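Take 1 as the starting number for the sequence shown in the UniProt record's numbering and just add one per residue. Yeah, the Cβ is synthetic: ideal placement off N, Cα and C, and Gly gets one too. Given the structure is predicted, the values throughout are model-derived calculations rather than measurements.
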Amino acid sequence: MRIFDPHIHMSSRTTDDYAAMHAAGVRALVEPAFWLGQPRTNVGSFTDYFDALVGWEPFRASQFGIAHHCTIALNPKEANDPRCVPVLDLLPRYLEKDGVVAVGEIGYDSMTEAEDKAFAAQLALAIAHDLPALVHTPHRDKAAGTERSIAVVRESGIAPGRVVLDHLNEVTVRTAKESGCWLGFSIYPDTKMDEDRMVAILREYGTERVLVNSAADWGKSDPLKTRRTGDAMLAAGFTEDDVDRVLWRNPVEFYGQSGRLALDSESPDAEFAGNSILRGARK
């Protein structure tokens with residue numbers, strides 16, 4: 001089973017996690033820029049963080065045979081802090097870097113006016129830099145937040161097929177699917193989604209334009225939830241091709257729109273070979 005985790009915060013994980021992920025079949029991932037866990041107090045903090053996402057973390061992942069990519073953005077939670085808003089002026093510099101495959105995470109946390117402005121500005125950056133967008137749907141009032149996110153996406157003019165609405169669940173999946181956007185689901189031990197609920201959604205809505213991620217971060221999370229979801233799919237009667245589509249081909253198709261995926265076709269790993277999309281080959 002080959003796995004591409006399309007949303008996982010590896011800066012918060014250990015090298016043991018990298019080793020376990022490789023053993024489970026993970027060969028590629030995307031790490032979205034997100035909240036530090038405590039307030040950032042200046043733009044320089046973002047600069048150091050973004051530099052780590054495009055430099056240090058890819059090197060760390062490569063030691064375990066995993067291709068690391070990232071998304072760059074001012075996240076919704078920090079969009080409410082005036083000390084952080086100037087980072088929007090910094091983003092263009094990073095959105096042109098190799099390995100940056102989307103603008104994200106953007107969207108809503110509390111659905112404030114400040115979040116509206118940051119969301120719209122960053123969708124405009126995605127269009128200007130010819131990148132997909134990773135949208136964080138809020139954890140509170142998720143139905144209204146998802147509908148509002150879709151409205152902003154439509155207003156921006158970005159093609160819905162270049163947007164993934166993440167952290168969806170049973171309440172929001174139908175609305176998201178009807179929007180034409182990609183559907184993102186985070187599988188967690190206690191919150192968000194679990195493997196069995198994910199399998200039920202796949203039975204009802206199919207495997208097209210679905211991204212399944214572990215979103216593992218500093219909290220209680222599990223970087224092997226993608227593998228556990230694949231195993232649950234097989235146990236429920238899905239085929240190996242179904243699993244490969246959800247856990248590999250779908251994320252390759254979505255993030256491949258950036259033209260910056262670096263999946264090494266010359267890797268000695270047989271599962272990795274034959275799936276190369278080289279940086280600079282924009283679609």
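Whether residue i touches residue j by CB criterion (8 angstroms)
i: V173; j: V212; result: no
i: V30; j: Y255; result: yes
i: P32; j: C70; result: yes
i: S179; j: D166; result: no
i: A215; j: H7; result: yes
i: F50; j: Y94; result: yes
i: V100; j: V43; result: no
i: L224; j: A20; result: yes
i: F64; j: H22; result: yes
i: I106; j: I127; result: no
i: L134; j: V164; result: yes
i: R203; j: D98; result: no
Proximal residues to residue i (C-beta, below 8 angstroms), its chain only, five neighbours per side dropped
i: A120; result: V152, E155 and S156
i: Y108; result: P76, E115, F119, H136, T137, P138, G145, R148 and S149
i: L91; result: I72, A73, L74, V103, Q122 and L125
i: S62; result: H68
i: T175; result: A143, T146, E147 and I150
i: V243; result: M1, G230, M233 and L234
i: I66; result: Y18, M21, H22, V26, R27, A28 and L29
Reduced DSSP category for residue i - H, G, I as helix; E, B as strand; rest coil
i: L263; result: coil
i: E31; result: strand
i: K97; result: coil
i: W218; result: coil
i: G107; result: strand
i: N250; result: helix
i: F185; result: strand
i: K192; result: strand
i: I72; result: strand
i: H22; result: helix
i: I158; result: coil
i: V171; result: coil
i: D5; result: strand
i: D141; result: coil
Environment of residue i [buried if 16+ CB atoms lie within 10 Å]
i: residue 284; result: Lying outside 1 to 283, the shown extent of the chain, residue 284 is not represented and no answer is given.
i: Q38; result: exposed
i: F59; result: exposed
i: G274; result: Since pLDDT at G274 reaches only 37, below the 50 mark, its modelled position is unreliable, and no value is offered.
i: D17; result: buried
i: R227; result: buried
i: T41; result: exposed
i: D217; result: buried
i: F13; result: Looking at the sequence shown, residue 13 is not Phe but Arg. It is buried - the Cβ of R13 has at least 16 other Cβ atoms within 10 Å.
i: R140; result: exposed
i: T207; result: buried
i: E240; result: exposed
Residue-level contact to chain B via CB, residue i, 8 angstroms cutoff
i: Y49; result: The structure shown contains no chain B; it holds only a single protein chain.
Whole-number beta carbon distance between residue j and residue i, since they are thought to touch under 8 angstroms
i: E170; j: R197; result: 7 angstroms
i: F4; j: W182; result: The Cβ separation is near 14 angstroms, so there is no contact.
i: S110; j: E57; result: Not confirmed; about 28 angstroms, so no contact.
Own chain residues within Cβ distance below 6 angstroms of residue i, not counting five before or after
i: T229; result: I187, E195, M198 and V212
i: R2; result: G25, R27, W248 and E271
i: F46; result: V87
i: A79; result: A114, E115 and A118
i: P251; result: F4, P6 and L211
i: P189; result: K220 and D222
i: L36; result: none
i: D264; result: none
i: T112; result: N80
Beta-carbon proximity list for residue i, same chain, < 7 angstroms, skipping 5 on both sides
i: P82; result: none
i: M193; result: N169, F185, S186 and I187
Heavy atom of the ligand GDP within 7 angstroms of residue i beta-carbon
i: D217; result: Judged by which ligands are present, the structure shown has none, so any question about the ligand GDP falls away.
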